[in-house]
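Q:
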Ligand SMILES: Cc1cc2nc3c(=O)[nH]c(=O)nc-3n(C[C@H](O)[C@H](O)[C@H](O)COP(=O)(O)OP(=O)(O)OC[C@H]3O[C@@H](n4cnc5c(N)ncnc54)[C@H](O)[C@@H]3O)c2cc1C
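Residue numbers (this note's numbering): 14 to 472.
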């Protein structure tokens, strides 16, 4: 009998298995593929590795502006792919070693609940039964297909396939202008592919501050990415490739592409998990939990990560939920995730990062807020690095604390973290403005915004 049986070895599952050592809990981890899950194998890490290669290429191409003379430059796709694989494999090996060191027992196979406290593991025609005082479900998510447009891995692909393209595609149609779609658009445009993005809504990266989305769109357009917003897309096979056509607007005449990347979201992997053998409840396939403990309606059965109903599908969210579940299992104390202060980063060029409320969600909540912006235009460090487009926006409750922030610009994904503390600790603008940012830094844009919020601006 284990203290905890975990099904799924992604950030939620391996996070729970690793964290359990703090309390001396015995853990069995069931994974049907490799440990690491979407994040390590098919998500965060490979995608950001590709983006880094694209950024290095873009930097080298603009080296002349910095007085650095280079020869002819070209992008070597197979080498970038090999580097991506090396980084992923290295991290998977490291994680496997860490799990072993923490004495987590790994079971390879398909895990399924067989009533409370019981998990079967099926592999190669054999079935093993594991018993646990607690079970944590962390089976994650997979890409969503569009009706009538199933993935074939060659011409109609998901992000899983695109991260492993053996050769650089020349012309790519991307359906879905969310985070995944825009990250691919950014990296493909930087390495010279022709890219067209179709998005049903009127804004790319929906959910982010509209001005930030517009800034990103503007900068991607400068790199020749074509955007078709407010329209669905239909795909047709032709002799010379695929034609992707918007349902309305200028793309109705059709755009020829070699491959269509469908990036319209992900769905939870809960269909074959034995949820019907326990009292856990679901909503459109997502598992409903008490967010203060991550426990489902079935006592002793917990869920974390992408399968949880109503929480963002982010790797760091999954880690935090795993910590909340294990803390409750081990101590009976609640340590809920503070979703209010969970940062969300788009790793495009430029990066977009946000934490807490946007001006839209603040308006929807009925909270009286005000916001202040500071552009990177005149920020010394931004000029030095050659990336001075974008801005910092900080939102505070009128006469009250900071409730949200967005940064669009260089290293936004790093800069957002000081604002995470401001939102999490409900800092007043004048409290946060009392601290001095080093000069010259990109973060000075945050300091300048805080000064303006306190009624006194400097630059
Ligand atoms: C292209 C892309 C880029 C992304 N970039 C980021 C990013 O930059 N930052 C970020 O925070 N998030 C990012 N994400 C999202 C992030 O990857 C997920 O939120 C995160 O991986 C969710 O973790 P999880 O543990 O819930 O599930 P997963 O990582 O999906 O892991 C679930 C695991 O469970 C296993 N499994 C499923 N069913 C069973 C079963 N019955 N038995 C045994 N094993 C099973 C699967 O094989 C898998 O290994 C990205 C996603 C994609 C697709």
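C-beta atoms are modelled at their ideal positions from N, C-alpha and C, and glycine is treated no differently. Computed from a predicted structure; not experimentally measured.
For residue 268, write down the residues that DSSP places opposite it in a beta bridge.
A: 257
Q: Measuring straight from C-alpha to C-alpha, what distance separates residue 347 and residue 340?
A: 7 Å
Q: Measuring straight from C-alpha to C-alpha, what distance separates residue 494 and residue 121?
A: This structure cannot settle anything about residue 494, because the visible part of the chain is limited to 14 through 472.
Q: Residue ranges of each beta strand (DSSP E) run of no fewer than 3 residues wholly in the stretch 398 to 425, ordered along the chain?
A: 404 to 410, 415 to 422
Q: Under the rule that 16 or more other beta-carbon atoms within 10 Å means buried, what is residue 203, buried or exposed?
A: Buried.
Q: Is residue 394 closer than 8 Å to residue 457 when the C-beta atoms are compared?
A: yes
Q: Residue 58 and residue 100 - do their beta-carbons sit closer together than 8 Å?
A: If you check the CB distance, residue 100 and residue 58 come in under 8 Å.
Q: How is residue 339 classed by DSSP in three states: helix, strand or coil?
A: helix
Q: Which of the three DSSP states, helix, strand or coil, is assigned to residue 147?
A: strand
Q: At what residue ranges does the stretch 131 to 184 contain a whole run of the beta strand (DSSP E), taking only runs of 3 or more?
A: 131 to 136, 139 to 150, 154 to 156
Q: Would you check whether ligand 1 has a heavy atom nearer than 7 Å to the C-beta of residue 163?
A: no
Q: Would you give the residue range spanned by the beta strand (DSSP E) that residue 372 belongs to?
A: No beta strand (DSSP E) contains residue 372, which is instead part of the alpha helix (DSSP H) from 372 to 378.
Q: Quick check on residue 406: buried or exposed, where buried means 16 or more other Cβ atoms within 10 Å of its Cβ?
A: buried
Q: CA-CA distance, residue 249 and residue 283?
A: 32 Å
Q: Using 10 angstroms around the beta-carbon of residue 265, count the other beta-carbons present and answer buried if the total reaches 16, otherwise exposed.
A: exposed
Q: Please identify the residue among 44, 364, 146, 358 whose C-alpha is closest to the C-alpha of residue 135.
A: 44
Q: Checking 8 Å against the spacing of the C-beta atoms, do residue 218 and residue 365 come in under that value?
A: yes
Q: Could you check what DSSP says for residue 224 in three-state terms: helix, strand or coil?
A: helix
Q: Pull up the distance between the alpha-carbon of residue 175 and that of residue 413, whole angstroms please.
A: Going by C-alpha positions, residue 175 is about 45 Å away from residue 413.
Q: Verify the contact flag: residue 44, CB atom, against every heavy atom of ligand 1, threshold strictly below 7 Å.
A: Within the cutoff, so yes.
Q: For residue 398, which residues in the same chain have their Cβ closer than 7 Å to its Cβ, ignoring the five residues on either side in sequence?
A: 423
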